[in-house]
């Protein structure tokens, strides 16, 4: 199983995941994922700064370069992350089930939608 998140969506997804209620080992495994995504967000911010410096004289090129950069994805995969990804996927399934009475709005609703699509939960079983 793997999780792909666009650069532009990283921060909202991290904040959403950090605010989900997990306890014990589930919390630890979720933290492995959010820590990795946090490191990737730092790299994205550094890349954004470099792009801004490289194109500071050409606004049009800057906007195009940033737009393309934000569409690039970060991928969470590998044996170290499988348990955490499974836990998060289960939680997203639970939160998007018809029986769930919890409501989301704003950035939380957006992040939930991003994760729902990233785990391909429209299709039975998703990508495993």
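Residue numbers (this note's numbering): 29 to 156. For every residue, glycine included, the Cβ atom is placed at its ideal position computed from N, Cα and C. Note that this is a predicted model, so its numbers are computed, not measured.
Report back the beta-carbon spacing between residue 142 and residue 37 to the nearest angstrom; my notes put them in contact at under 8 Å.
5 Å between Cβ atoms; contact.
Spatial neighbours of residue 94 within its chain, please: C-beta separation below 8 Å, excluding the five flanking residues on both sides.
76, 79 and 80
Can you give me the start and stop residues for the beta strand (DSSP E) that residue 20 sits inside?
Because the chain in this structure spans residues 29 to 156, residue 20 falls outside the shown range and cannot be described.
Residues of its chain near residue 153, where Cβ-Cβ distance is below 8 Å and the 5 sequence neighbours each way are ignored
Only weak support is given to the placement of residue 153: the predicted model assigns it a pLDDT of 47, under 50, and the value that follows is read from those uncertain coordinates. Cβ neighbours of residue 153 beyond the five flanking positions: none.
Run through the DSSP bridge pairs and tell me what residue 103 is partnered with.
Bridge partners of residue 103: 32.
Taking 7 Å as the cut-off, is the CB of residue 99 close to at least one heavy atom of the ligand MG?
Absence of the ligand MG from the depicted structure is noted, as is the absence of any ligand whatsoever, leaving it without description.
Leaving aside the five residues before and after residue 120 along the sequence, list all residues of the same chain whose C-beta is less than 8 Å from its C-beta, in chain order.
140, 143, 144, 147 and 149
Residue 91 - DSSP class collapsed to helix/strand/coil
Here residue 91 carries a helix assignment [DSSP, helix/strand/coil].
What first and last residue would you give for the alpha helix (DSSP H) that runs through residue 12?
Outside the displayed range of the chain (29 to 156) lies residue 12, so it cannot be described from this structure.
Contact between the segment 125–133 and the segment 29–36: three or more CB pairs below 8 Å?
Remark: fewer than three beta-carbon pairs, one from each stretch, lie closer than 8 Å, so the segment 125–133 and the segment 29–36 are not flagged as touching.
With C-beta atoms as the reference, is residue 115 less than 8 Å away from residue 51?
no
For residue 138, I'd like the list of residues in its chain whose CB is within less than 7 Å of its CB, leaving aside the five on either flank, ordered along the chain.
40
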